[in-house]
Amino acid sequence: MLQTTEAIVQASLLPMSIIIIGVGNADFTAMEVLDGDVVQLSSGSHKSERDIVQFVPLNKFLQDAGSWQSKQVRLAKEVLAEIPGQVTSYMYKHNIKPVQPPL
Numbered sequence: 001m002l003q004t005t006e007a008i009v010q011a012s013l014l015p016m017s018i019i020i021i022g023v024g025n026a027d028f029t030a031m032e033v034l035d036g037d038v039v040q041l042s043s044g045s046h047k048s049e050r051d052i053v054q055f056v057p058l059n060k061f062l063q064d065a066g067s068w069q070s071k072q073v074r075l076a077k078e079v080l081a082e083i084p085g086q087v088t089s090y091m092y093k094h095n096i097k098p099v100q101p102p103l
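Using UniProt numbering, read the sequence shown as starting at 1 and increasing by one per residue.
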């Protein structure tokens, strides 16, 4: 877990996101820590520059009522929910401004 945390903290400097989907009935407490939604992820004295991990337990959607298609839609929505914020936080921290589209 320490090596994974260190790698994620270092990767938080890069333009990337990490999506983790928990499959099965295991204890995913460690994955929720890596997600960094509650407490900012850190390794030693280094803190992550930004939240780049999204963790979603698959069973949360498989156990819900509804059609398979609606479960897939809800899963996709939650898995991708943080990506726009992760992209814009990277761009903001690195002073990258969007290019105006041609008229």
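Note that the Cβ used here is the ideal one computed from N, Cα and C, for glycine as well.
>> Considering Cα atoms alone, identify which of Val87, Pro98 and Asp51 is closest to valine 38.
In response: Of the candidates Val87, Pro98 and Asp51, the one whose C-alpha sits nearest the C-alpha of valine 38 is Asp51.
>> What does the Cβ neighbour count give for serine 70, buried or exposed, with the cut at 16 atoms within 10 Å?
In response: Exposed, by the Cβ-count rule.
> How many Å lie between serine 48 and aspartate 35 at the Cα?
Replying inline: Straight-line measurement puts the Cα of aspartate 35 at about 11 Å from the Cα of serine 48.
> Nearest-angstrom Cα distance between tyrosine 88 and methionine 1?
Replying inline: Residue identity check: residue 88 is threonine in the sequence provided, not tyrosine. Distance between the alpha carbons of threonine 88 and methionine 1 is about 28 Å.
> Do you know offhand how far alanine 76's Cα is from serine 12's?
Replying inline: Rounded to whole angstroms, alanine 76 to serine 12 spans 23 Å at the Cα level.
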